Structure formats: C-alpha cells, structure tokens
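When you line the sequence shown up against full-length UniProt numbering, it's residues 1 to 125, in that order. What follows is one structure encoded as structure tokens, with my remarks underneath.
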Amino acid sequence: MSQQDAVAWNEQDIAALTAKVGALKASMARVIIGQEEVVDLLVTCLLAGGHALVEGVPGLGKTLLVKSLSQATDMQFRRVQFTPDLMPSDIVGTEILEEDANTRQRVFRFQPGPVFTQVLLADEI
1 MSQQDAVAWN
11 EQDIAALTAK
21 VGALKASMAR
31 VIIGQEEVVD
41 LLVTCLLAGG
51 HALVEGVPGL
61 GKTLLVKSLS
71 QATDMQFRRV
81 QFTPDLMPSD
91 IVGTEILEED
101 ANTRQRVFRF
111 QPGPVFTQVL
121 LADEI
C-alpha cells in the first residue's frame, strides 16, 4: 500500500472494515468454539493476503476452521488430501481428450484441479 492509498482511508472506511471483520469473527465463533486466537490469526492472514500454516493433532477442527472461513466470506473452498501417490495433475488439473458429438472432431479440454479455488486446504502435507 502506498502513502497515497493510506491517505485515502477515512474514519468511516476504517469503521466499516472493523465492523465487517468483527462480523466475520462472530460468524466463525458460532462454529469454532474456544479458538479465538486461531480465528484472529487466520482472519489477519486473510486480510494481509497471505498463506497460513495450521498445525495440530488430528481432531482439533483444522478442516472445519478453514471451511468455516470460506463459508463466512463466500469463497470457494477445495481440499487436497496429500498421499504418497499424489500426482501434480491431481492438484493443477489435466487435459482431457473429448470428441464433439456433432462434428466428430477431437479437442483437448483442460479440467482444472483443486488449486483453482479461492481457499485451498492442503491436508496432511
């Protein structure tokens, strides 16, 4: 953000953003109970345009946390389960050969993988 952009923010803009962030946290708090600090950090990461590494033992609700964030912000959510046999095409997608029913002409069509989403959970890396 440049200095000119910072000057363009007025008190009403900041108050509106603060209210929206509060509503987002409240929405997530209805689903994620007792994890206020984790929710705060995840929302901060989202606002900063960054990535988050959420670590923990199984059963703590990491998937639910990320899924509730995507639902609360109306963003598309996808999950990739990392396994030893995972191929790059399982993540980025692949070209599929299709035949047009009318012209009988064959063309390649790209089938996008789960990386083409707004919120991606890479599980069990």
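We treat Cβ as the ideally placed atom computed from N, Cα and C, and that holds for glycine. Quick caveat, the model's predicted, so the values are computed rather than measured.
Would you mind reading off the limits of the alpha helix (DSSP H) that contains residue i?
{"i": "GLU95", "result": "From DSSP, GLU95 is part of no alpha helix (DSSP H) but of the beta strand (DSSP E) over 93-99."}
{"i": "VAL66", "result": "62-72"}
{"i": "ALA16", "result": "11-29"}
Measure the alpha-carbon distance for residue i versus residue j and round it to whole angstroms.
{"i": "GLN105", "j": "LEU97", "result": "10 Å"}
{"i": "LEU69", "j": "GLN76", "result": "10 Å"}
{"i": "GLY59", "j": "ASN102", "result": "51 Å"}
{"i": "ALA15", "j": "TRP9", "result": "10 Å"}
{"i": "PRO84", "j": "ASP90", "result": "12 Å"}
{"i": "ASP13", "j": "LEU65", "result": "28 Å"}
{"i": "LEU41", "j": "VAL107", "result": "46 Å"}
{"i": "VAL119", "j": "VAL57", "result": "21 Å"}
{"i": "GLU99", "j": "GLU124", "result": "37 Å"}
{"i": "LYS25", "j": "GLU95", "result": "40 Å"}
{"i": "LYS67", "j": "GLU11", "result": "32 Å"}
What whole-angstrom Cβ distance do residue i and residue j have, given they're in contact under 8 Å?
{"i": "VAL39", "j": "MET28", "result": "5 Å"}
{"i": "GLY93", "j": "GLY113", "result": "4 Å"}
Taking buried to mean at least 16 other C-beta atoms within 10 Å of its own C-beta, is residue i buried or exposed?
{"i": "LEU53", "result": "exposed"}
{"i": "LEU17", "result": "exposed"}
Is DSSP giving residue i helix, strand or coil here?
{"i": "VAL38", "result": "helix"}
{"i": "ALA52", "result": "coil"}
{"i": "VAL80", "result": "strand"}
{"i": "VAL115", "result": "coil"}
Taking residue i as part of the beta strand (DSSP E), name the residues at either end of that continuous run.
{"i": "ASP85", "result": "Where ASP85 is concerned, there is no enclosing beta strand (DSSP E), given that its DSSP letter is neither H nor E."}
{"i": "GLN110", "result": "Contrary to the premise, residue 110 reads as Phe rather than Gln in this sequence. Unbroken beta strand (DSSP E) run through PHE110: 106-112."}
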